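Peer 1: The structure follows.
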Amino acid sequence: MEQAERNAARISERISALPRVAIVLGSGLSNFVHAVERPVAFRYADLEGFPVPAVSGHSGSLVIGQIAGAPVAVLAGRGHYYE
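All residue numbers for the sequence shown refer to our numbering, where the first residue is 15 and numbers rise by one.
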């Protein structure tokens, strides 16, 4: 829980609004991240305890910004349970 709290504090310092929607991008959807306006990106590897995808082509980043005026969090690449 402490890792999550530290990550949340670190992220909160850099964003202007809390996301109301989260979108997890799977294979073939990585370009969707370019739809995020005013993006603030965090590499999974830089977030304590966050699983880093081992699948080739999954960027492994959390991008927070807006889409059509709505605050969103986009997870570009995801860890898999079996990794």
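No residue lacks a Cβ here, since even glycine has one placed at the ideal position from N, Cα and C.
Since the structure is predicted, the reported quantities are computational estimates derived from the model, not experimental observations.
Buried or exposed for Gly83, going by 16 or more other Cβ atoms inside 10 Å?
Peer 2: Gly83 is exposed by the Cβ-count criterion.
Peer 1: So Ser44 and Ala90 are supposed to be a Cβ contact under 8 Å. How far apart are they, rounded?
Peer 2: Their Cβ separation, rounded to whole angstroms, is 6 Å, which keeps Ser44 and Ala90 in contact under 8 Å.
Peer 1: Rounded to the nearest angstrom, how far is the Cβ of Ala55 from that of Val77, given a contact under 8 Å?
Peer 2: That pair is a contact at about 5 Å.
Peer 1: In the DSSP assignment, find the beta strand (DSSP E) that holds Glu51 and state where it starts and stops.
Peer 2: Looking at the DSSP string, the run of the beta strand (DSSP E) that includes Glu51 is 51-57.
Peer 1: Mapping the DSSP letters down to three states, classify Ser44 as helix, strand or coil.
Peer 2: Ser44: helix per DSSP, three-state reduction.
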